[in-house]
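For the sequence shown, position 138 (counting from the first letter as 1) is numbered 130 according to the numbering used here, and the numbering increases by one without interruption.
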Amino acid sequence: MREYLLTLCITAAVTYLLTGPVRKFAIVAGAMPEIRARDVHREPTPRLGGIAMFFGLCAGLLVADHLTNLNQVFQASNEPRALLSGAALIWLIGVLDDKFEIDALIKLGGQMIAAGVMVVQGLTILWLPIPGIGSVALTQWQGTLLTVALVVITINAVNFVDGLDGLAAGMVCIAATAFFLYAYRIWYSYGVEAAAPATLFSAILMGMCLGFLPHNMHPARIFMGDSGSMLIGLVLAAGAISITGQVDPDALNLYVGSEKEAVHQTVPVYIPLLLPLTIIAVPAADLILAIVRRTWRGQSPFAADRGHLHHRLLEIGHSHSRAVLIMYFWSALIAFGALAYSVNSASMWIVLGVVFLSAIGLALLLLPRFTPRAPRWMERFVPPRYRRRGVPALAPEASTPASAAEQPAPVAREDRAPVVGVAGVNGATAVGARSRLADRRKAGTR
């Protein structure tokens, strides 16, 4: 565990330290598109945050290769090299898209090629444990198609949910944490060495997201762009592919009997493996709804619109930060609920706990106007909007309304133009000051 934590910390530190210089490079390189009607942010913000995340991935793999226990992963398997090859290709495509806005079909083709590169180097699904039947071996074409489909779906699910500051990085970090605990349990508790690569991938993915989040929380100083969202989606898919079909049910030694009976009895254990999208169920649901919605309207599935889940939260009245926290809550509930069910499916307390937390989540969705107030002893540690404000008493002469001649003339909203150019970069400290606009127009989509 200590070596995994060391790898995680090194990955997070490299990603965090490189994000600042990458942000300045993105501003100089012009990877900072103008504000569009469907954007949520109101100031030009640089992209290319995926550059720092990719170098964090490289640093994590390099450190793990020089550690005593984790070095065995590189000696016994070619999966880390396969991951690095696919990640480099998808990262390069994302960088080009962040700068030049390449076509959606070209990106889709690049995603399939990156998945194919990993398959060629051995990162593929070999067989599937099916309840009631046993382990079903897949042909080369079946394994390739299933692997490519899983990679493409996961990448686009993460890419679709990257619409608010800190949303994609936080949700993927939650999913990676749940998957790390699951893979580590399989590897350490049951001694299944085939789960070691997935454990390593999850630890590195957590470090990439944790290192980037401080720069990406609202108001974001830099966006990860497609170079980051597609990268973390591919790493998340690689961890699921690495462990799916690599674990022999009899190797777990949970039940005595045939392989068919073992697979049937250990269905809860294989839920996160056979259905890795359960750990990103919210982005996957957003992806499916977006495709259905756009095709129903006669649009391309890749056409941008205003119907994403997080933007609907903004439309019903939730603030930016609260919408992100609600999405975090549902992601954690689904991911860790599946993890708890895989550990002990017979416990009724797990089901009751999930139902209770789901009720809390639904209540949060229905209270967009409710602003909680922190206790006075915590006011120093929370944002100003959660602090108690005392209303001073008005003087007797000030209690009457002023005449129309004495009231200041209202400032028309049309006179307040959004800041454009380099001087108005969101969160800029080395280039220019941050804009302080009082008006809040209706949010669109990014």
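The beta carbon of each residue, even a glycine, is placed where N, CA and C say it ideally should be.
Boundaries of the alpha helix (DSSP H) in which residue i is found, first to last residue
i      : result
Tyr182 : Here Tyr182 belongs to no alpha helix (DSSP H), and DSSP marks it neither H nor E.
Pro72  : Glu71 to Phe92
Trp133 : Gln132 to Val153
Gln113 : Unbroken run through Gln113: none, as it is neither H nor E.
Ala23  : Here Ala23 belongs to no alpha helix (DSSP H), and DSSP marks it neither H nor E.
Ile178 : It is not in any alpha helix (DSSP H) - Ile178 carries neither H nor E in the DSSP assignment.
Gly329 : His312 to Val335
Euclidean distance between Cα positions of residue i and residue j
i       : j       : result
Val417  : Ala80   : Here Val417 scores only 48 on pLDDT, less than 50, and its place in the model should not be relied on; the value that follows carries that caveat. The straight-line gap from Cα to Cα measures roughly 29 Å.
Gly108  : Phe172  : 25 Å
Ala168  : Ala141  : 20 Å
Gln134  : Trp288  : 30 Å
Pro36   : Leu344  : 46 Å
Asp57   : Phe66   : 7 Å
Met(-7) : Ala129  : 32 Å
Leu84   : Ala282  : 26 Å
Trp179  : Ala186  : 7 Å
Ala106  : Ser77   : 8 Å
Val55   : Met110  : 21 Å
Met340  : Asp89   : 48 Å
Leu59   : Thr(-1) : 9 Å
Phe92   : Gly22   : 10 Å
Arg314  : Ala4    : 25 Å
Val20   : Val87   : 15 Å
Leu331  : Ala170  : 7 Å
Leu137  : Phe46   : 26 Å
Ala355  : Pro367  : 22 Å
Arg285  : Leu118  : 35 Å
Leu10   : Gly199  : 13 Å
Thr236  : Glu371  : 47 Å
Ser127  : Trp369  : 57 Å
Tyr182  : Asp154  : 36 Å
Lys99   : Phe373  : 43 Å
Ile2    : Tyr174  : 22 Å
Met24   : Ala18   : 7 Å
Ser311  : Met319  : 12 Å
Ile342  : Phe348  : 10 Å
Any non-hydrogen atom of the ligand NAD closer than 7 Å to residue i Cβ
i      : result
Ala149 : With respect to small molecules bound, the structure shown includes none, and the ligand NAD cannot be examined in it.
C-beta contact flag for residue i and residue j at 8 Å
i      : j      : result
Val144 : Gln113 : no
Gly220 : Gly42  : yes
Val316 : Gly158 : yes
Ile82  : Leu279 : no
Leu197 : Leu156 : no
Arg39  : Phe152 : no
Ile147 : Leu226 : yes
Phe321 : Gly353 : yes
Pro189 : Pro72  : yes
DSSP-derived helix/strand/coil call for residue i
i       : result
Ser127  : strand
Leu156  : coil
Asp40   : The amino acid at residue 40 is misidentified as Asp; the sequence shows Leu. DSSP places Leu40 in coil when its eight states are reduced to three.
Leu120  : strand
Met459  : Coverage of the chain is limited to positions -7 through 438, which leaves residue 459 absent and any answer about it impossible.
Ile214  : coil
Ala435  : Any reading at Ala435 needs caution, since the residue's pLDDT is 42, under 50, leaving its predicted position unreliable; the model's value is listed next. Ala435 falls in the coil class under three-state DSSP.
Glu(-5) : helix
Tyr247  : Low confidence applies here, because Tyr247 scores a pLDDT of 49, under 50, leaving its location unreliable and the question unanswered by this model.
Thr60   : coil
Arg289  : coil
Met209  : coil
Asp95   : coil
Thr236  : coil
Chain-order list of residues whose beta-carbon lies under 6 Å from that of residue i (same chain, five-residue window excluded)
i       : result
Tyr8    : Gly203
Thr116  : Gly135 and Thr139
Glu(-5) : Leu59, Asn61 and Leu62
Cys201  : Ala161, Val164 and Cys165
Val346  : Gly329
Leu97   : none
Tyr176  : Thr191
7 Å CB neighbourhood of residue i in its chain, flanking five on each side removed
i      : result
Val335 : none
Phe193 : Leu75, Val227, Ala230, Gly231 and Ser234
Ser69  : Pro189
Neighbourhood of residue i by C-beta distance below 8 Å, restricted to the same chain and skipping five residues each side
i       : result
Leu205  : Gly158, Ala161, Gly162 and Cys165
Leu(-3) : Ala195
Ser350  : Leu325
Short CB-CB distance (under 8 Å) between residue i and chain C
i      : result
Ser323 : The question asks about chain C, but that chain is absent: this structure has only one protein chain.
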